[in-house]
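K.L.:
Residue numbers (the working numbering): 238 to 616.
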Amino acid sequence: MTIWFKGCTFSIILLVLLWIPNLNAAVVAKPVEYEAENVKLEGYLAYDFGVTTKRPGVLVIHEWWGHDEYARKRAQMLAELGYTAFALDMYGKGKLATHPAEAGEFSGEVKSHLEIAQKRFKAALTLLRSHRTVDPNQIAVIGYCFGGGVALEMARRGYNVNAVVSFHGSLATEHPVKPGMMRARILVCQGEDDSLVTAEEVEKFEKEMKMAKANYKIITYPGAKHSFTNPKADELAQTFGLPIGYNLEADGQSWDDMQVFLTETFTNTKTKTAADHEEEKVGAPPEEEGSELLTGTVHFINVAGGFFGIIGDDSKHYEPINLAADFQNDGMKIQFKIKVDENIASFRMWGTPVRILSISATSEKKEQKKPSETKTATK
238 MTIWFKGCTF SIILLVLLWI PNLNAAVVAK PVEYEAENVK LEGYLAYDFG
288 VTTKRPGVLV IHEWWGHDEY ARKRAQMLAE LGYTAFALDM YGKGKLATHP
338 AEAGEFSGEV KSHLEIAQKR FKAALTLLRS HRTVDPNQIA VIGYCFGGGV
388 ALEMARRGYN VNAVVSFHGS LATEHPVKPG MMRARILVCQ GEDDSLVTAE
438 EVEKFEKEMK MAKANYKIIT YPGAKHSFTN PKADELAQTF GLPIGYNLEA
488 DGQSWDDMQV FLTETFTNTK TKTAADHEEE KVGAPPEEEG SELLTGTVHF
538 INVAGGFFGI IGDDSKHYEP INLAADFQND GMKIQFKIKV DENIASFRMW
588 GTPVRILSIS ATSEKKEQKK PSETKTATK
């Protein structure tokens with residue numbers, strides 16, 4: 238069973254200790270400006286200057302209020318644990334909500350235009366992965382409420398991160414993950430009394446993960462409402478009449494569960510070389526047999542709402558069901574190996590539905606990847 242229930246087994250004193258910073262840590266923390274599609278964004282970078290070796294990096298995605306002090310605090314806490322953390326910005330520099338209606342407008346704009354979310358996520362991911370303190374092959378993403386939902390959406394799109402942790406995040410999606418696309422290990426920390434994310438949504442999410450054969454775990458905390466990790470939740474609930482609330486024990490226990498989860502994940506992650514990356518496969522086990530190595534070009538096809546297809550150099554059209562987000566680039570030249578999926582019909586009537594067995598970029602129209610950024614499925 239993948240759903241765990243945490244009882245009241247830890248004292249309040251122990252949970253408070255989880256919030257006490259490591260006094261031996263020499264944390265450097267600073268705002269960092271960056272851009273995505275000409276939109277100015279401001280994130281927050283934190284790391285322990287006293288650690289001399291490369292370490293895992295963790296992206297932090299904020300709540301629906303925007304990039305605020307709470308997200309920055311979490312980045313600092315991660316730095317105190319020995320990670321390099323970057324709290325990203327999904328809305329734009331200085332764009333913070335002060336009322337639920339405004340927060341709903343900001344978050345709704347991002348959720349209804351996931352291509353924008355992807356570009357802003359990718360910009361932050363590239364920034365973190367390229368930092369001198371970070372092992373680019375050891376990356377996790379954590380998110381709170383809105384941010385947890387965004388983190389899960391990015392995982393559904395096949396971004397090559399090792400782990401995703403969602404704290405009281407949105408679980409519903411209009412784009413369920415397809416088998417072979419979910420590379421990250423998933424941890425969902427959910428409040429048992431969360432009226433904004435219902436038990437039915439949790440059940441549907443679990444069914445989605447099982448269908449996709451994802452590596453996932455759901456932990457439910459008794460008595461915890463939505464936003465149970467945010468100390469300001471009670472004040473916000475009283476001011477705006479929101480069904481949210483802070484829960485000290487669930488907050489501390491979920492943070493502890495995250496630490497265990499990340500330690501397990503990164504302990505089992507091999508540090509790869511550029512040569513390793515070039516040989517790895519995306520979206521299917523290596524023992525699957527497919528076609529010979531093909532070459533072609535990725536194209537955005539403006540049919541049936543739009544999708545990314547592949548036109549082979551043999552002029553054949555292919556509709557990949559598991560094309561990872563990093564290869565969804567109009568005009569990208571690729572080498573690829575496929576397997577025709579006879580169980581899936583093409584309602585678009587444009588090309589042959591196929592499953593990608595392996596793929597690599599040979600050149601790109603818009604930007605050139607470094608070899609170390611070739612993406613790999615988590616087994």
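Ideal placement from N, C-alpha and C gives every residue a C-beta, glycine not left out.
Where does the unbroken alpha helix (DSSP H) through Gln565 begin, and where does it stop?
P.N.:
Here residue 565 is taken as the residue at index 328 of the sequence shown, counted from 1. First-last for Gln565: undefined, no H or E at that position.
K.L.:
Kindly confirm or deny that the segment 363 to 373 and the segment 471 to 480 touch, where touching means at least three C-beta pairs closer than 8 Å.
P.N.:
Contact fails: fewer than three Cβ-Cβ distances are below 8 Å.
K.L.:
By how many angstroms is the C-alpha of Met314 removed from the C-alpha of Glu411?
P.N.:
Within the sequence shown, residue 411 is the residue found at index 174, counting from 1. Within the sequence shown, residue 314 is the residue found at index 77, counting from 1. Distance between the alpha carbons of Glu411 and Met314: 33 Å.
K.L.:
Thr500: which of Asn399, Ala360 and Met569 sits nearest, CA to CA?
P.N.:
For this step, residue 500 is matched to residue 263 along the sequence shown. For the residues Asn399, Ala360 and Met569, the minimum Cα distance to Thr500 belongs to Asn399.
K.L.:
Residues in its own chain within less than 6 Å of Lys407 by CB, not counting five upstream and five downstream?
P.N.:
Start at 1 with the first residue of the sequence shown, and residue 407 comes out as number 170. Correcting the residue identity first, residue 407 is Ser in this sequence and not Lys. These residues qualify, in order along the chain: Gly386.
K.L.:
Residues in the same chain with beta-carbon distance under 6 Å from Lys415, minus the five sequence neighbours each way, listed in chain order, please.
P.N.:
Taking the sequence shown and counting its residues from 1, one reaches residue 415 at position 178. Closer than 6 Å at the Cβ level, and outside the excluded window around Lys415, lie Ile558 and Asn559.
K.L.:
What are the boundary residues of the beta strand (DSSP E) that includes Ala273?
P.N.:
Position 36 of the sequence shown, counted from the first residue, corresponds to residue 273. Ala273 -> beta strand (DSSP E) spans Val264 to Ala273.
K.L.:
Should Lys454 and Asp430 be called a contact, given that it needs their Cβ atoms to be closer than 7 Å?
P.N.:
In the sequence shown, residue 454 corresponds to position 217, counting from 1. In the sequence shown, residue 430 corresponds to position 193, counting from 1. Not a contact, by the Cβ cut-off of 7 Å.
K.L.:
Measuring straight from C-alpha to C-alpha, what distance separates Glu352 and Gln490?
P.N.:
Locating residue 352 in the sequence shown gives position 115, counting from the first residue. Locating residue 490 in the sequence shown gives position 253, counting from the first residue. C-alpha separation (whole angstroms): 34 Å.
K.L.:
Can you name the start and end residues of the alpha helix (DSSP H) that Tyr307 belongs to?
P.N.:
Numbered from its first residue, the sequence shown carries residue 307 at position 70. Glu306 to Glu317 is the span of the alpha helix (DSSP H), which, as asked, contains Tyr307.
K.L.:
Could you check the C-alpha separation between Phe358 and Ser552 for me, to the nearest Å?
P.N.:
For the purposes of this step, residue 358 is identified with residue 121 of the sequence shown, where counting begins at 1. For the purposes of this step, residue 552 is identified with residue 315 of the sequence shown, where counting begins at 1. Their backbone Cα atoms lie some 33 Å apart in a straight line.
K.L.:
Is it right to say Thr502 is buried, meaning 16 or more other beta carbons lie within 10 angstroms of its own, or is it exposed?
P.N.:
Taking the sequence shown and counting its residues from 1, one reaches residue 502 at position 265. Buried, since its Cβ has 16 or more Cβ neighbours within 10 Å.
K.L.:
How would you write the range of the beta strand (DSSP E) that Ser403 sits in, first residue to last?
P.N.:
Here residue 403 refers to the residue found at position 166 of the sequence shown. First-last of the beta strand (DSSP E) with Ser403: Ala400 to Phe404.
K.L.:
Which first and last residues belong to the beta strand (DSSP E) in which Leu278 is found?
P.N.:
The residue you call residue 278 lines up with position 41 of the sequence shown. Val276 to Asp285 is the extent of the beta strand (DSSP E) around Leu278.
K.L.:
Scan the segment 442 to 497 and note each continuous alpha helix (DSSP H) run of 4 residues or more that stays entirely inside, going in chain order.
P.N.:
Complete alpha helix (DSSP H) runs here, min 4: 470 to 477.
K.L.:
Near Met391, which residues of its chain fall below 8 Å by C-beta distance, leaving aside the five closest residues on each side in sequence?
P.N.:
Here residue 391 corresponds to residue number 154 of the sequence shown, with the count starting at 1. Taken in chain order, the residues that qualify are Ala354, Gln355, Phe358, Val378, Val398, Val401 and Ala562.
K.L.:
Starting from the Cα of Glu272, find the closest Cα among Ile423, Phe465 and Leu364 and give me that residue.
P.N.:
Position 35 of the sequence shown, counting from 1, holds the residue named residue 272. It is Leu364 whose Cα lies nearest to the Cα of Glu272.
K.L.:
What's the C-alpha gap between Val577 and Thr599?
P.N.:
Sequence index remark: in the sequence shown, residue 577 carries index 340 (1-based). Sequence index remark: in the sequence shown, residue 599 carries index 362 (1-based). Rounded to whole angstroms, Val577 to Thr599 spans 23 Å at the Cα level.
K.L.:
Give the list of continuous alpha helix (DSSP H) stretches no shorter than 4 residues that lie fully inside the segment 333 to 374.
P.N.:
Correct list: 337 to 348 and 351 to 366.
K.L.:
Once you ignore the five residues that flank Leu479 on each side, which residues in its own chain have a CB closer than 7 Å to its CB?
P.N.:
The residue you call residue 479 lines up with position 242 of the sequence shown. Around Leu479: Pro337 and Leu473.
K.L.:
Since Val264 and Glu317 are thought to touch, with beta carbons under 8 Å apart, how far apart are those beta carbons, to the nearest angstrom?
P.N.:
As a working mapping, residue 264 is identified with position 27 in the sequence shown. As a working mapping, residue 317 is identified with position 80 in the sequence shown. About 6 Å; that satisfies the 8 Å criterion.
K.L.:
For Asn656, tell me which candidate among Gln496, Glu339, Asn467 and Val497 has the shortest Cα-Cα distance.
P.N.:
There is simply no residue 656 to check, as the chain begins at 238 and stops at 616 in what is shown.
K.L.:
Mind checking who Ala324 pairs with in its DSSP beta bridge?
P.N.:
Position 87 of the sequence shown holds residue 324. Its beta-bridge partners are Tyr281 and Val297.
K.L.:
Which residues in the same chain as Met327 place their Cβ atom closer than 6 Å to its Cβ, once the five residues preceding and following it in sequence are excluded?
P.N.:
In the sequence shown, counting from the first residue as 1, residue 327 sits at position 90. Within the same chain, Met327 has close Cβ partners Val347 and Arg357.
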